[in-house]
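All residue numbers for the sequence shown refer to my numbering, where the first residue is 11 and numbers rise by one.
Glycine included, each C-beta is placed from N, C-alpha and C at the ideal position.
Here's the structure we're looking at; comments come further down.
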Amino acid sequence: MGIIPDYLTRIDPGHLSQALFHLSQDPLPYRKLNHTRPGQSQNTLYEADDYLQERLETWGYVVKKEGVQVQAFRCDASKPKVQQYSPPAPEDPWYTACNLYVKKQGTVRPDEIVLLLAHKDSQSWVDSPGAYDNGAGTVALLEIARVLKDYEPGRSLWFLFCNEEHRPWTSVAAAQNAKARGDDLVAIFNLDSMGGKSQQDIDAGLKTNAAIYTTPEGERLADLVAEVNDAYRIGLVQRKARRARPGDDDGSFINAGYPSAIATFGSFPYADPAYHTEDDRPERVDIPNLAMAAQASLAAALRVDLSER
Ligand SMILES: [Zn+2]
Numbered sequence: 011m012g013i014i015p016d017y018l019t020r021i022d023p024g025h026l027s028q029a030l031f032h033l034s035q036d037p038l039p040y041r042k043l044n045h046t047r048p049g050q051s052q053n054t055l056y057e058a059d060d061y062l063q064e065r066l067e068t069w070g071y072v073v074k075k076e077g078v079q080v081q082a083f084r085c086d087a088s089k090p091k092v093q094q095y096s097p098p099a100p101e102d103p104w105y106t107a108c109n110l111y112v113k114k115q116g117t118v119r120p121d122e123i124v125l126l127l128a129h130k131d132s133q134s135w136v137d138s139p140g141a142y143d144n145g146a147g148t149v150a151l152l153e154i155a156r157v158l159k160d161y162e163p164g165r166s167l168w169f170l171f172c173n174e175e176h177r178p179w180t181s182v183a184a185a186q187n188a189k190a191r192g193d194d195l196v197a198i199f200n201l202d203s204m205g206g207k208s209q210q211d212i213d214a215g216l217k218t219n220a221a222i223y224t225t226p227e228g229e230r231l232a233d234l235v236a237e238v239n240d241a242y243r244i245g246l247v248q249r250k251a252r253r254a255r256p257g258d259d260d261g262s263f264i265n266a267g268y269p270s271a272i273a274t275f276g277s278f279p280y281a282d283p284a285y286h287t288e289d290d291r292p293e294r295v296d297i298p299n300l301a302m303a304a305q306a307s308l309a310a311a312l313r314v315d316l317s318e319r
C-alpha cells in the first residue's frame with residue numbers, strides 16, 4: 011500500500027469546514043472583484059487571496075501571483091437561474107484577478123509537473139456565497155497542500171488557485187503561459203464543486219464524486235480516481251463521464267495543448283439544486299463527502315507522482 015494511506019488520514023474535515031466558512035460566509039460573504047465589504051479597503055476576492063496566501067505561507071510555501079485583466083459578468087435575469095451570466099459590456103470596469111501558484115520541485119523528474127488546481131472566485135453576476143462552487147474545491151486544494159507540506163515529490167507538484175467566475179477565466183492565461191514556457195504538465199486535476207449533488211443523492215445519503223474527462227489521456231486519470239477509491243477504501247460512489255468538448259478550468263489546459271486533464275465534480279451533469287444561486291451556502295456542504303473527494307484527488311495525484319520514477 012505504501013505511503014499513500016497515511017497521507018489520506020491527514021485530510022482533516024475540521025480544517026475543510028473552517029476554511030469553507032471563512033471563505034463563503036464569515037468574514038467573506040463572497041469572493042469577487044466587484045464586491046468590497048463595508049469598511050474594507052480591498053474587494054472580497056483579494057481578501058480571499060490574502061487568506062489563502064497566509065495559510066500557505068504558514069506551511070512554508072512561497073506563493074507566486076500572476077495577474078490577469080478581467081471583468082465581472084453581467085446578470086441576465088431573463089435566463090434560467092443557473093445560466094444568468096452574460097458577457098460584460100466594453101465599458102464595464104476592469105480588474106486584475108490573480109492566479110496564485112505554489113510549487114514543489116521534484117527530486118527525480120523535476121521537469122514533469124503534476125498540477126492540481128481549483129477556481130477560488132465566486133459568481134461575479136449574482137450574490138452567491140459559492141460554497142460548493144467552488145469554495146469546496148478551493149479548501150480541498152488548500153488542505154491537500156497542507157497535508158503535502160513535508161512531502162518530497164519525485165515529479166514537480168504545483169498547486170494553482172485560479173478564477174473562473176469572471177471573464178476571461180484566468181486558467182486560460184495560466185495554461186497558455188505554461189505552454190509558452192514549454193512546461194511539461196503530465197497530469198492535471200481540476201477540483202471543482204466537490205460533493206455537490208442532486209437532491210435525490212442527498213436524500214439517499216450518497217457520498218458522490220464524478221471524474222470528468224475529455225480525452226483518452228484524461229480517461230486514464232478518471233480511471234485512476236476510481237482505482238484509488240477502491241484501493242484505499244475511500245468509500246465514494248465514484249462515477250466517470252466524458253464531456254463532448256473541453257470545459258471549465260481543465261478545458262483551458264486541454265485547449266492549450268495539455269490533454270491529460272480531468273475535473274472532479276460532486277456530480278455530472280452538475281446537479282446541486284442551489285447551483286449558481288444565493289443558496290449555495292456552506293451549511294449545505296457535505297463535509298464528509300468533501301473530505302473523501304479530497305482524499306481521492308490526493309491519492310490519484312500521489313499515484314501519478316510515484317509511478318515509473
Ligand atoms: Zn465552478
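Residues of its chain near residue i, where Cβ-Cβ distance is below 7 Å and the 5 sequence neighbours each way are ignored
i	result
Asp-260	Ile-198, Asn-200, Ala-271, Ile-272, Ala-273
Pro-321	Residue 321 cannot be examined here, being either before or after the span of the chain that is shown, 11 to 319.
Ile-297	Pro-23, Leu-26, Ser-27
Ser-138	Ser-132, His-286, Thr-287, Glu-288, Asp-290
Arg-253	Ile-222, Thr-224
Phe-31	Pro-292
Residue of the options minimising C-alpha distance to residue i
i	options	result
Asn-219	Tyr-142, Ser-262, Tyr-56	Tyr-142
Phe-171	Gly-164, Glu-162, Asp-137, Ala-184	Ala-184
Met-342	Val-124, Pro-292, Lys-130, Ala-150	Because residue 342 is not part of the residues shown, which for the chain are 11 to 319, the question remains open.
Leu-43	Ile-264, Tyr-17, Ser-132, Gln-28	Ser-132
Ala-311	Phe-31, Asp-60, Ala-236, Ala-188	Ala-236
Gly-257	Tyr-280, Tyr-242, Tyr-61	Tyr-280
Arg-165	Leu-55, Leu-195, Ala-241	Leu-195
Pro-15	Gln-50, Leu-167, Asn-239, Ala-266	Asn-239
Gln-305	Lys-207, Pro-163, Arg-230, Leu-158	Leu-158
Asp-211	Leu-246, Asp-36, Asp-60, Glu-175	Leu-246
Val-182	Pro-103, Tyr-242, Lys-114, Gly-267	Gly-267
Gly-140	Lys-250, Leu-231, Arg-255, Thr-54	Thr-54
Lys-207	Gly-215, Ser-317, Pro-103, Ser-277	Ser-277
Residues near residue i by beta carbon distance below 6 Å, same chain, minus five either side
i	result
Thr-180	Val-78, Ala-107, Asn-109, Cys-172, Asn-173
Phe-263	Ala-185, Ile-198, Ala-271
Asp-86	Gln-94, Ser-96
Ile-244	Met-302, Gln-305, Ala-306
Tyr-71	Val-112
Pro-163	Lys-114, Gly-116, Asp-315
Nonlocal neighbours in the same chain, by C-beta distance under 8 Å from residue i, ignoring five residues either side
i	result
Leu-62	Val-73, Leu-110, Lys-130, Thr-148, Leu-152, Phe-171
- Query: Is the region 85–105 close to the region 137–149, with three or more CB pairs under 8 Å?
  - Reply: Counting Cβ pairs under 8 Å, fewer than three are found: no touch.
- Please go through the region 90–174 and give each complete alpha helix (DSSP H) segment of 4 or more residues, from N-terminal end onward. 147–157
- Message: If we require 4 or more residues per run, which alpha helix (DSSP H) segments fall completely within the region 42–72?
- Response: 54–68
- Item | Residues whose Cβ lies closer than 5 Å to any heavy atom of ligand 1, in chain order | For ligand 1, the selected residues are Asp-143, Asn-144, Asp-202.
- Please list the segments of the beta strand (DSSP E) lying wholly inside the region 224–268, counting only runs of 3 or more residues, in order along the chain. 247–252
- Item | In chain order, each beta strand (DSSP E) run of at least 3 residues that lies wholly inside the region 177–218 | With a minimum length of 3 residues, the continuous beta strand (DSSP E) runs that stay inside the region 177–218 are 194–201.
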